[in-house]
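Q:
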Amino acid sequence: MARITSLAEAVQAAVHDGDTVAMEGFTHLIPHAAGHEIIRQKRKNLTLIRMTPDLIYDQMIGMGCAKKLVFSWGGNPGVGSLHRLRDAVEQGWPNALEIEEHSHAAMANAYEAGAAGLPLAVFRGYLGSDLPKVNKNIKRVTCPFTGEELAAVPAHRPDVAIIHALRADKAGNVLLEGVLGVQKEAVLAAKRSIVTVEEVVDDLGPRSLNAVVLPAWTIGYVSEVPGGAFPSYAQGYYARNNSFYKAWDNIARERDTFLAWMKENVLEKGPEAFAQHARKRAAAAE
Amino acid sequence: MMANYKPNEMMTVAAARALRNEDVCFVGIGQPSAAANLARLSHAPNVTLIYESGTLGTKPTVLPLSIGDGELCETALTTVSVPEMFRYWLQGGRISVGFLGGAQIDKYANLNTTVVGDYNKPKVRLPGGGGAPEIATSCGEIFIIMAQGKRSFVEKIDFFTSIGHGSGGDSRQKLGIKTKGPTRLITDLAIYQPDPETKEMIVTSIHPGVTREQIQENTGWTVRYAAQVAETPVPTAQELDILRELQARTARAHAAA
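If you're matching them up, the sequences are chains Y and U in order.
Each residue of the first sequence is one higher than the last, beginning at 34 in the numbering used here.
Each residue of the second sequence is one higher than the last, beginning at 5 in the numbering used here.
In structure tokens, the structure reads:
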């Protein structure tokens with residue numbers, strides 16, 4: 034059953050050195066505040082799973098939290114490289130980073146299989162690609178009914194999943210709307226979970242009968258962190274800060290500018306620093 | 005006569021023209037997104053655009069910087085989860101055209117977006133495949149849009165991220181792939197289509213003012229030409245206006261965030 038706590042307490046309790054951690058949010062609702070908290074609490078040797086490492090893992094990798102990355106697309110969308118990820122892969126800075134590389138289809142299927150309690154995901158994929166040559170976790174299986182050869186990858190079963198959502202009620206039920214990514218699957222696939230939200234409200238409010246709600250009993254910790262997805266976005270609250278994504282290219286390009294930015298904006302700050310980016314829910318959603 | 009458009013604009017316009025009103029198109033970010041939306045705003049108003057973030061039938065007024073900008077979701081018919089997108093819609097065979105770009109391409113339109121150099125000791129670590137490995141095999145056909153250059157149009161790509169026509173001929177069928185693969189490669193200099201037998205991408209149309217020498221200088225393999233090579237029609241004033249307005253709106257929106 035979800036406990037509503039501070040983000041610091043949630044990370045303290047749920048994220049341990051050496052854990053396999055999935056922090057999801059497909060462009061939308063990326064849990065940046067939680068990433069900063071893990072950096073402040075100096076977690077080490079994490080295996081980080083995420084379809085698109087994005088700025089959140091660029092920061093965590095650059096600050097030495099990760100020993101391995103499991104991913105499918107490692108760029109700064111529409112901008113270019115993730116310089117900290119590249120530095121780790123190409124130069125081993127600040128430490129060597131093992132990578133396990135998939136396609137999006139494989140990652141999405143692996144989360145779904147994890148949520149479904151299956152050991153593997155089966156799909157039609159990787160035909161003609163070199164990825165199976167460099168990733169021993171990509172295998173082929175034969176359909177016992179048709180004989181078709183299909184791709185298989187192990188299910189994602191992270192120790193902890195961390196997502197950002199729009200809001201939770203006081204019981205800890207969580208609402209997701211907009212671009213949903215693989216957040217629901219990640220939480221259901223994980224042993225433990227943390228959900229940061231824009232706001233904790235008495236009632237989740239008007240929504241579609243088929244709205245995506247994660248019930249409180251599927252979640253470990255809920256923390257209210259307004260603005261906690263910045264520079265990603267929260268549908269109906271604030272937009273993706275595309276100019277920050279562009280600015281990150283310069284901040285992260287060199288090690289010293291990166292470290293200076295992290296010191297000033299992460300190490301010397303707390304989750305409340307994200308509140309400046311928060312906006313009230315758009316009137317149309319009321 | 006001085007051309008009143010840039011080679012990049014010619015490329016985007018030529019790519020947009022390839023999309024049909026009845027297509028369901030899986031759109032990559034960047035050049036493919038500009039071309040797909042130009043098509044939607046000009047000759048193909050009913051084209052269905054799909055982005056891998058799960059947005060079905062999206063009609064953005066500005067181009068997204070990422071594949072999951074709020075603009076895409078807000079203007080979509082509906083938005084599904086990413087597992088559903090890849091399982092039901094892409095793998096399910098419901099998408100007629102995949103629109104891809106890449107860092108390296110060979111004459112069979114195989115694409116590399118993974119590494120330059122050795123995988124384990126890369127000279128340049130590129131972003132990786134994302135949706136491309138399965139887009140390349142599950143969409144009915146593939147359009148590729150890429151500016152030409154000796155470093156990107158190479159004899160041998162360093163890594164097969166997504167397959168085009170493999171080593172040519174019936175490579176795809178031998179792997180059990182049932183879709184057509186790359187049917188068009190649109191560059192800033194020309195349009196290529198696969199030779200019906202060998203599947204090598206051969207030039208079928210050259211953009212106005214471009215020479216064969218220029219095409220060869222910017223290609224790492226010996227370029228072949230169709231028996232009949234057309235000249236690509238110049239961008240119309242309307243196509244250029246729509247494209248430039250779209251890009252101006254986009255620049256304003258991204259700067260304002």
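The beta carbon of each residue, even a glycine, is placed where N, CA and C say it ideally should be.
Values in this document were obtained by computation on a predicted structure and should not be read as measured data.
Over what stretch of residues does the alpha helix (DSSP H) that includes Y:K279 continue unbroken?
A: 275-286 is the extent of the alpha helix (DSSP H) around Y:K279.
Q: Answer yes or no: does any C-beta atom of chain U fall closer than 9 Å to that of Y:P110?
A: Yes, contact with chain U.
Q: Apart from the five residues just before and just after U:Y123, which ones in its own chain have a Cβ nearer than 7 Å to its Cβ?
A: Same-chain partners within the cutoff: F163.
Q: Going by DSSP, what residue range makes up the beta strand (DSSP E) through Y:V228?
A: Y:V228 -> beta strand (DSSP E) spans 225-234.
Q: Kindly indicate if chain U contains any beta-carbon less than 9 Å away from that of Y:E85.
A: It is Thr, not Glu, that sits at residue 85 of chain Y in the sequence shown. Yes, its Cβ sits closer than 9 Å to a Cβ of chain U.
Q: Which class does Y:I72 belong to by DSSP, given the choice of helix, strand or coil?
A: Note: Y:I72 maps to helix in three-state DSSP.
Q: Could you tell me which whole beta strand (DSSP E) segments of length 3 or greater appear in the stretch 150-215 of chain U?
A: DSSP runs (the beta strand (DSSP E)) wholly in the stretch 150-215 of chain U: 186-190, 194-198, 205-210.
Q: Suppose you measure from the CA of U:P11 to the CA of U:L104; what does that come to, to the nearest Å?
A: The alpha-carbon atoms of U:P11 and U:L104 are separated by roughly 19 Å.
Q: Do you know how far the Cα of Y:T80 is from the Cα of U:A48?
A: For U:A48 and Y:T80, the distance between alpha carbons rounds to 45 Å.
Q: Just the C-alpha distance for Y:A318 and Y:S265, rounded to the nearest angstrom, thanks.
A: With a pLDDT of 44 at Y:A318, under the threshold of 50, the modelled position of that residue is not reliable, and the figure given next carries that caveat. Cα-Cα distance, rounded: 19 Å.
Q: To the nearest angstrom, report how far apart Y:G147 and U:E235 are at their CA atoms.
A: For Y:G147 and U:E235, the distance between alpha carbons rounds to 53 Å.
Q: So, for Y:P259: in the same chain, excluding its five sequence neighbours on each side, which residues have a beta-carbon less than 7 Å away from its beta-carbon?
A: If we look at Y:P259 and ignore the five residues flanking it on each side, its Cβ neighbours are E231, E232, F307, A308, A311.
Q: Are there 16 or more other CB atoms within 10 angstroms of the CB of U:Q242, so buried, or fewer, so exposed?
A: So U:Q242 counts as exposed.
Q: So, with DSSP's three-state summary, where would you put Y:V245?
A: Three-state result, Y:V245: strand.
Q: Which one or two residues does DSSP pair with U:P126 in a beta bridge?
A: DSSP, once it has assigned bridges, lists U:G121 as partnering U:P126.
Q: Relative to the C-alpha of U:T85, which residue among Y:K302, Y:K279, Y:G214 is closest?
A: Note that residue 85 of chain U corresponds to Ser in the displayed sequence, not to Thr. Out of Y:K302, Y:K279, Y:G214, Y:G214 has the C-alpha closest to the C-alpha of U:S85.
Q: Whole angstroms is fine: what's the gap from U:W93's alpha carbon to U:I99's?
A: Taking the straight line joining both Cα atoms gives about 7 Å.
Q: Does the pairing of the stretch 68-77 of chain U with the stretch 105-125 of chain Y give three or more beta-carbon distances under 8 Å?
A: A contact exists between the stretch 68-77 of chain U and the stretch 105-125 of chain Y.
Q: Tell me which residues share the same chain as U:P239 and place their Cβ nearer than 7 Å to its Cβ, disregarding the 5 neighbours each side in the sequence.
A: Y9, E13, M14, V17.
Q: Are there 16 or more other CB atoms within 10 angstroms of the CB of Y:N142, so buried, or fewer, so exposed?
A: It counts as buried.
Q: Let's test the definition: count the other Cβ atoms within 10 Å of the Cβ of U:P68 and tell me whether it reaches 16, buried, or not, exposed.
A: Label assigned to U:P68: buried.
Q: Go to Y:P165, then tell me how far its alpha helix (DSSP H) extends in each direction, as first and last residue.
A: Start and end: 164-167.
Q: Does U:M5 get closer than 9 Å to chain Y when you measure Cβ to Cβ?
A: Low per-residue confidence applies at U:M5: pLDDT is 45, beneath 50, and the placement is therefore not dependable, though the value from the model is reported in the following sentence. No - not a single Cβ of chain Y is within 9 Å of the one on U:M5.
Q: Who pairs with U:V101 in a beta bridge, going by DSSP?
A: BP columns for U:V101 point to U:C29, U:E145.
Q: Taking a cut of 8 Å between CB atoms, which residues from the stretch 155-185 of chain U lie near chain Y?
A: For the stretch 155-185 of chain U, which is checked against every Cβ of chain Y, the residues closer than 8 Å are F163, F164, T165, S166, I167, G170, S175, R176, L179, G180, I181.
Q: Taking Y:V255 and Y:A201 to be in contact with their CB atoms under 8 Å, please state how far apart those CB atoms are, rounded to whole angstroms.
A: Yes, they are in contact, since the Cβ atoms of Y:V255 and Y:A201 sit about 5 Å apart, within 8 Å.
Q: Counting only beta-carbon separations shorter than 9 Å, does U:G153 have a partner in chain B?
A: Absent from the structure is chain B; the protein chains it does hold are Y and U.
Q: In angstroms with no decimal places, state the Cα-to-Cα distance between U:M5 and U:T215.
A: Legend: pLDDT at U:M5 = 45, less than 50; position of this residue unreliable, value from coordinates given subsequently. Their backbone Cα atoms lie some 15 Å apart in a straight line.
Q: For Y:Q268, name the three-state secondary structure that DSSP assigns.
A: Here Y:Q268 sits in coil by DSSP.
Q: Against U:D122, what residues of chain Y qualify as contacts under a CB-to-CB distance less than 7 Å, listed in chain order?
A: Here the premise fails: no neighbours, minimum Cβ distance about 10 Å.
Q: What does Y:D202 pair with, by DSSP beta-bridge criteria?
A: Looking at the DSSP assignment, Y:D202 forms a beta bridge with Y:V234.
Q: Jot down the residue ranges of each uninterrupted beta strand (DSSP E) in the stretch 106-173 of chain Y, minimum 3 residues, whole runs only, in chain order.
A: Listed in chain order, the complete beta strand (DSSP E) runs (minimum 3 residues) inside the stretch 106-173 of chain Y are 131-134, 153-156.
Q: Apart from the five residues on each side of it in sequence, which residues of its chain come closer than 7 Å, Cβ to Cβ, to U:H258?
A: These residues qualify, in order along the chain: L69.
Q: In this structure, does DSSP put U:T59 in helix, strand or coil?
A: Strand at U:T59.
Q: Using the three-state DSSP reduction, which class does Y:A318 fall into: helix, strand or coil?
A: Model confidence at Y:A318 stands at a pLDDT of 44, short of 50, so the residue's coordinates are unreliable and nothing is read from them.
Q: Measuring alpha carbon to alpha carbon, tell me which residue in U:Y55, U:A80, U:E201 is nearest U:K63.
A: The residue with the shortest Cα to Cα distance from U:K63 is U:A80.
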